[in-house]
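Heads up: the sequence shown runs through residues 80 to 187, numbered per my numbering.
For glycine and all other residues, C-beta sits at the position ideal for the given N, C-alpha and C.
Since the structure comes first, as structure tokens, the remarks are kept for the end.
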Amino acid sequence: MTRTWGIAIAAVLGTVVSEPGSARADEAMQIAYGEHLSGECTTCHRIDGTDNGIPPIIGWPADAFVAVLTSYRDGERNNAAMMSVAKSLDEQQMNALAAYFGSLKPKH
Ligand code: HEC
80 MTRTWGIAIA
90 AVLGTVVSEP
100 GSARADEAMQ
110 IAYGEHLSGE
120 CTTCHRIDGT
130 DNGIPPIIGW
140 PADAFVAVLT
150 SYRDGERNNA
160 AMMSVAKSLD
170 EQQMNALAAY
180 FGSLKPKH
């Protein structure tokens with residue numbers, strides 16, 4: 080599943096990113112994969128950066144974002160919904176989600 084998506088995304092990006100394998104292409108690929116995964120998050124978290132009772136999660140530095148997800152996964156942060164979400168993610172998926180949500184800016 081993960082691998083299939085990686086290949087599909089690489090195929091799509093190969094046509095739009097001029098330097099495949101470059102740092103920028105890697106980042107674009109992470110963002111595209113993160114966007115694909117984000118459907119699981121955006122039923123609760125809004126992507127316009129507003130708070131609907133659930134905290135907004137866009138524009139975070141990637142390392143802080145991954146650290147928070149890890150702390151839910153490991154039970155250091157205790158929230159039933161986020162603990163179950165975080166447990167379903169592997170490291171690659173957390174990094175991709177961090178890249179995608181981190182790339183979004185609040186709309187004003
Ligand atoms: C069922 C609703 C729900 C879903 C689905 C969900 N979240 Fe959350 N998320 C929450 C709630 C509620 C909180 C606040 C929990 C708390 O108080 O610790 C939260 C907190 C967070 C935080 C910390 C925010 C902060 O300001 O400390 C991050 C990061 C986060 N979620 C990322 C994600 C990601 C990434 C996904 C998808 C993979 C996701 N969430 C899916 C409800 C959800």
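Mind reading off the beta-carbon distance from residue i to residue j? Whole number of angstroms is fine, and I expect it under 8 Å.
i	j	result
N174	V147	Going by Cβ atoms, the distance from N174 to V147 rounds to 13 Å, so no, they are not a contact pair.
G138	K184	6 Å
Using the three-state DSSP reduction, which class does residue i fall into: helix, strand or coil?
i	result
L183	coil
T83	helix
D188	Coverage of the chain is limited to positions 80 through 187, which leaves residue 188 absent and any answer about it impossible.
N131	coil
Measuring from the CB of residue i, is there a heavy atom of the ligand HEC at a distance below 6 Å?
i	result
M161	yes
I133	yes
E30	Nothing in the structure corresponds to residue 30, since the chain is present only between 80 and 187.
L176	yes
I110	no
According to the Cβ coordinates, are residue i and residue j closer than 7 Å?
i	j	result
Y179	S101	no
At what residues does the alpha helix (DSSP H) containing residue i begin and finish?
i	result
L148	A141 to R152
S211	No statement about residue 211 is possible, as the shown extent of the chain runs from 80 to 187 and does not include it.
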